[in-house]
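Working notes for the structure below.
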Amino acid sequence: MPDTPHAAELIDAVTAFLRDTAIPGLSGRAAFDARVAANVLDIVARELRLAPAAQAAEHERLRVLLGADGTLAELNRRLCEGIASGRLDATTPGLADHLWAVTLAKLAVDQPGYSSYRQIVDPEETLP
Numbered sequence: 001m002p003d004t005p006h007a008a009e010l011i012d013a014v015t016a017f018l019r020d021t022a023i024p025g026l027s028g029r030a031a032f033d034a035r036v037a038a039n040v041l042d043i044v045a046r047e048l049r050l051a052p053a054a055q056a057a058e059h060e061r062l063r064v065l066l067g068a069d070g071t072l073a074e075l076n077r078r079l080c081e082g083i084a085s086g087r088l089d090a091t092t093p094g095l096a097d098h099l100w101a102v103t104l105a106k107l108a109v110d111q112p113g114y115s116s117y118r119q120i121v122d123p124e125e126t127l128p
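For the sequence shown, counting from 1, position 82 maps to 82 in UniProt numbering; every step adds exactly one.
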């Protein structure tokens, strides 16, 4: 049995209602708050769509980088401890690539319109 609509699709519907129906009829603080709410819902929908794959990739990179198993939270804690202690640094193979990948994955959820991010993921794009 298909599980439709997906949670992200439900959020998209609420966001569309806010932007297309509610916000045009609002003014002042209420309009501002509704725009903020719509933006928050956009972030939640992107997280629902993108986070599972991003977290799986992050988990696998950490397993390889640290040579250890554990939950994503445990491996991130070990990574932070390794960096803080100096055991891991800029010369550690794979560390810079991992940190870059995590940063891009977070930007894809939080700020996909950020111009520097867009230039990195699509260097051919012409920005206004």
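Note that the Cβ used here is the ideal one computed from N, Cα and C, for glycine as well.
{"Item": "Using alpha carbons as the reference points, say which of Pro112, Ala105 and Gly67 lies closest to Pro93.", "Value": "Gly67"}
{"Item": "Excluding the 5 residues preceding and the 5 following Ala16 in the sequence, name in chain order all residues of the same chain whose CB lies nearer than 7 Å to its CB.", "Value": "none"}
{"Item": "If you draw a straight line from the alpha carbon of Arg63 to that of Arg78, how long is it in whole angstroms?", "Value": "11 Å"}
{"Item": "Looking at Arg46: is its Cβ nearer than 8 Å to the Cβ of Pro112?", "Value": "yes"}
{"Item": "Select from Leu18, Arg49, Ala38 and Leu65 the residue whose C-alpha is nearest the C-alpha of Ala108.", "Value": "Arg49"}
{"Item": "Exposed or buried, Leu75, counting other C-beta atoms within 10 Å across all chains shown (16 or more means buried)?", "Value": "buried"}
{"Item": "How big is the Cα-Cα spacing for Trp100 and Ala90?", "Value": "12 Å"}
{"Item": "How about Leu26 and Ala34: are their beta carbons less than 8 Å apart?", "Value": "yes"}
{"Item": "Looking at C-alpha atoms only, which residue of Leu18, Glu9, Thr4 and Thr21 is the closest neighbour of Val44?", "Value": "Glu9"}
{"Item": "With DSSP collapsed to three states, give me the class of Leu26.", "Value": "coil"}
{"Item": "May I ask you to report which of helix, strand or coil DSSP gives Asp20?", "Value": "helix"}
{"Item": "If you count every other CB in all the chains shown that lies within 10 Å of the CB of Glu124, and 16 or more means buried, which is it?", "Value": "exposed"}
{"Item": "Thinking Leu65 and Leu41 are a contact (beta carbons under 8 Å), I'd like their distance in whole angstroms, please.", "Value": "About 34 Å; that fails the 8 Å criterion."}
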